[in-house]
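S.K.: Note that our numbering has the sequence shown beginning at 338, numbered continuously upward.
Virtual Cβ for every residue (Gly too), placed ideally from N, Cα, C.
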Amino acid sequence: MNVKRSAVIFAWMLLLPAVLYISAIVIYPLIDTVNLSFTNASLRKTYKYVGWLNYDKIFNETFAAVIIRTFIWTFFSVLIKMIIGTFGAIMLNTAVPGRALFRILTMPPWIVPMAIGIFMWGWMYNGQFGMISGMLQNWGLVDGPVAFLAYGTTAFWATIVTDVWIGVPMVTLYMLASIQAIPQDLYEAAWTDGAGRMYRFRRITLPLLVPSLITMSMISLISTFNSFDIIWILTQGGPSGSTTTMIIDTYKTAIGSYKYGEGAARAVLICIFLSIFCFFYFRVTNRLSTETAR
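1) Could you spell out where the alpha helix (DSSP H) holding L513 opens and where it closes?
2) Determine the direct distance from the alpha carbon of D480 to that of S470, and round the result to whole angstroms.
3) Give me whichever residues DSSP pairs with T376 in a beta bridge.
4) Are the Cβ atoms of A635 and L351 separated by less than 7 Å?
5) Contact defined as beta carbons within less than 8 Å: I believe V387 pairs with N397. What is the distance between those atoms, to the nearest angstrom?
6) Here's a check: name, in chain order, each residue in its chain whose Cβ is nearer than 6 Å to the Cβ of I519, leaving out the five neighbours to either side.
7) From the DSSP output, in three-state form, read off G598 for me.
8) So the candidates are Y618, D522, K341, K596; which of them puts its Cα closest to the Cα of R381?
9) Could you tell me the boundaries of the alpha helix (DSSP H) in which V479 lies?
10) Please tell me whether G454 and S579 are closer than 7 Å, where the distance is taken between their beta carbons.
11) Could you check how far apart the C-beta atoms of F370 and A604 are, in whole angstroms? I think they sit under 8 Å.
12) What are the complete alpha helix (DSSP H) segments, minimum 4 residues, inside the stretch 521-598?
13) Round the Cβ separation of Q521 and N430 to the nearest angstrom and send it over; I've been treating them as touching at under 8 Å.
14) Report the rounded CA-to-CA distance for Y392 versus M583, giving the unit in angstroms.
15) Rounded to the nearest angstrom, what separates S549 and S515 at their Cα positions?
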């Protein structure tokens, strides 16, 4: 009994630093934010509890559009990153023409600091001296300069392109590691039976990549949903709010307008959405693990 108790105490001693760290960095700020969301806190030294008033203000037509825009922005960004990253991983794992070029193209987002890379894209989107506008004019596709960040639709897709450029290398390397972890015996057995390349991909590679695809999609979704620097540096949520996502709106409310209570309510809502995503992610992964064990 004493040995068992000593083992339990020793296990808790090992866990104590992590528990303290998580409590100080995650749990306490989360509780404090939830508490703050029920107040009218601002630059004033004193504030009072206002109940659900901040949450009532959130669910209006304007913020509903922000929520929808956030989901659309996240969906297309994650989808494009997963498609390009998975295809790139397959290219890097197979001796096909263009593999070396793609490997070179995936490096700049990792080498260049993120802020500098975003500023670079901002210059390329410029209508007067931007590279993209100049190329379109030289090819005769447009009659004059195109200021991509000056119009709602083009600015929205410009931020997605920038986010994809930054996120593709991580997806590529993760999926490449997953592909290389697949036992080669499966491919050799299928090749011996006369299976073609596409058949091996559909029957071996793709099914075994499903857990990795789900995990990487979840990681990318959380990162993209909380993406702030890309949109803020390029457009600051403009023009006319066309690129304002939930994280941008939260920053503008809490920091820009000094409405800390309302900003905290928006932050809590973001946390709730991400918790729902994580819940479904664990449900799916647990089901996959159960089916694999069978």
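M.R.: The short version:
1) Translated into positions along the sequence shown, residue 513 becomes position 176. From DSSP, the alpha helix (DSSP H) with L513 extends over 489-517.
2) Numbered from its first residue, the sequence shown carries residue 470 at position 133. Numbered from its first residue, the sequence shown carries residue 480 at position 143. C-alpha separation (whole angstroms): 10 Å.
3) Position 39 of the sequence shown holds residue 376. Answer is Y386.
4) The chain is shown from 338 up to 631; residue 635 falls before or after that span and cannot be answered.
5) On the sequence shown, position 50 is the one that residue 387 refers to. On the sequence shown, position 60 is the one that residue 397 refers to. Going by Cβ atoms, the distance from V387 to N397 rounds to 16 Å, so no, they are not a contact pair.
6) As a position in the sequence shown, residue 519 is number 182, starting the count at 1. Contacts found: L545.
7) If you number the sequence shown from 1, residue 598 lands on position 261. Note: G598 maps to helix in three-state DSSP.
8) Sequence index remark: in the sequence shown, residue 381 carries index 44 (1-based). Scanning Y618, D522, K341, K596 for the CA closest to the CA of R381 turns up K596.
9) In the sequence shown, residue 479 corresponds to position 142, counting from 1. Here V479 belongs to no alpha helix (DSSP H), and DSSP marks it neither H nor E.
10) On the sequence shown, position 117 is the one that residue 454 refers to. On the sequence shown, position 242 is the one that residue 579 refers to. Their beta carbons are not under 7 Å apart, which means G454 does not touch S579 by this criterion.
11) On the sequence shown, residue 370 is found 33 positions in, with the first residue counted as 1. On the sequence shown, residue 604 is found 267 positions in, with the first residue counted as 1. Per the sequence presented here, residue 370 reads as Thr, with Phe not at that position. With a Cβ gap of about 6 Å, T370 and A604 count as contacting.
12) 521-529, 534-537, 543-562, 566-571, 583-588
13) Taking the sequence shown and counting its residues from 1, one reaches residue 521 at position 184. Taking the sequence shown and counting its residues from 1, one reaches residue 430 at position 93. Your pair Q521 and N430 does not check out as a contact, with CB atoms roughly 11 Å apart and the cut at 8 Å.
14) Residue 392 sits at position 55 when you count from the first residue of the sequence shown. Residue 583 sits at position 246 when you count from the first residue of the sequence shown. Their Cα atoms are separated by approximately 14 Å.
15) Here the question's residue 549 lines up with position 212 in the sequence shown. Here the question's residue 515 lines up with position 178 in the sequence shown. C-alpha separation (whole angstroms): 7 Å.
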